[in-house]
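What follows is one structure encoded as structure tokens, with my remarks underneath.
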Amino acid sequence: MSLLKVDNIVKSYGNHKVLKGITFEINEPNILALVGPNGSGKTTLLNVMTNLLKADSGTVELLGMKNSDPNVFKKVAYLKDNTVLYPYLSGYDHLKYIQSMQKLPKERIDEVVNQIGISEYVRNKTSTYSLGMKQHLLIAMSIMNHPEVLLLDEPLTGLDPTSVMDVRLLLNTLSKKGVTILLSSHSLSEIDFITSNILFLKDGEVIEEDISEYQKTRYQLKVATNDLERVIPLTNTHKHLLMEENYLIYTSSEPNLQWLINTLQEHNIVVEDMSKRVVGAQERYEAIFKEIEV
């Protein structure tokens, strides 16, 4: 069963098409990041997935159920960006309200408080909370119903470095417990610490998809040669190849790039220098949004 399936989602506001046939799927518990500039469609996509917005066409399935089925949200939680807390209620009051509304056992409140690590301030009014404390409470509220899928819109925005690390650790802990997490974020430096599964969005379209178990890391092989004119026809069937001065640069999800070395050797092309490294989210983002394929 697919945990999360988005099939050809199209959404427009008037004549402006915001989502242009978005398609992706998650089949195993994992963390997937939605990355793209403002206006790329990240929040609209999350709102469509959770049925807060109706798509013009296409379908969304969560845990094997259509997103229009109200039963699906018994096991799916969505934390929107800028979710408002009631300033004169305590964190505990917020959790108690959710426990009551969802008819959960009362002991679930203490379980979540301990799991998220907010016991020191959960009885205080939320007007006294820092941004990091508020974010921890909001995540605690989101997991009250033991969700199997957790959707987060910009969970790291505005947080100080310590709070970012805390939330990052929390998300990884939830993932290890089998929660599938889909989050949007502008914090590219932090994405590398959370996941290397990234869905890049640009102008409402998927630019690069990195979801499968075998595509968790990007490796880059950089080869220096004075024979680029001979190299190009040998390698032009590979879309992830770049030419830069005297360098041939190949980026792949597979760590074994021996095929490229073998191709060069078979044609007696002199390799002057060679290096391999892992490519991070920031570099991939910059390359994609400068319209350079990596």
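In my numbering, the protein residues as written are 2 to 295. For each residue, glycine too, the CB sits at the ideal point set by N, CA and C. None of these values were measured; they are calculated from a predicted model.
Query	Result
Beta-ladder partner(s) of GLU62, from DSSP	LYS6, LYS67
Cα-Cα separation, THR45 to LEU54	8 Å
Proximity below 8 Å, CB of HIS95 to CB of LEU86	yes
Counted within 10 angstroms of its Cβ, other Cβ atoms place GLN136 as buried (16 or more) or exposed	buried
Cβ pair LEU200, PHE25 closer than 8 Å	yes
Reduced DSSP secondary structure (H/G/I, E/B, other) of VAL295	Only weak support exists for where VAL295 lies, its pLDDT of 40 falling under 50; the value from the coordinates is given anyway. VAL295: coil per DSSP, three-state reduction.
Inter-stretch contact (C-beta, 8 Å, three-pair minimum) for the region 175 to 193 and the region 31 to 43	yes
Collapsed DSSP secondary structure at VAL113 in the structure displayed	helix
Simplified DSSP assignment, three categories, for VAL123	coil
Cβ neighbour criterion (16 or more within 10 Å) applied to THR174	exposed
Same chain only: Cβ atoms within 6 Å of LEU90, ignoring 5 sequence neighbours per side	none
Proximal residues to TYR93 (C-beta, below 6 Å), its chain only, five neighbours per side dropped	VAL123, ARG124
Nearest to VAL207 (by Cα), restricted to the options LYS21, ALA56, LEU265, LEU5	LYS21
Coarse secondary structure for GLY179, derived from DSSP in three states	coil
Separation of ARG169 from THR158, as counted between CA atoms	12 Å
Cβ neighbour criterion (16 or more within 10 Å) applied to ILE10	buried
Selected residue, minimal CA-CA separation from LYS203, among SER41, ASN28, VAL19, GLU29	SER41
Inter-residue Cα distance where the pair is THR84 and LEU139	8 Å
Separation of ARG109 from LEU183, as counted between CA atoms	24 Å
TYR14 - DSSP class collapsed to helix/strand/coil	strand
Start-end ranges of the beta strand (DSSP E) lying completely within the region 126 to 156, minimum 3 residues	150 to 154
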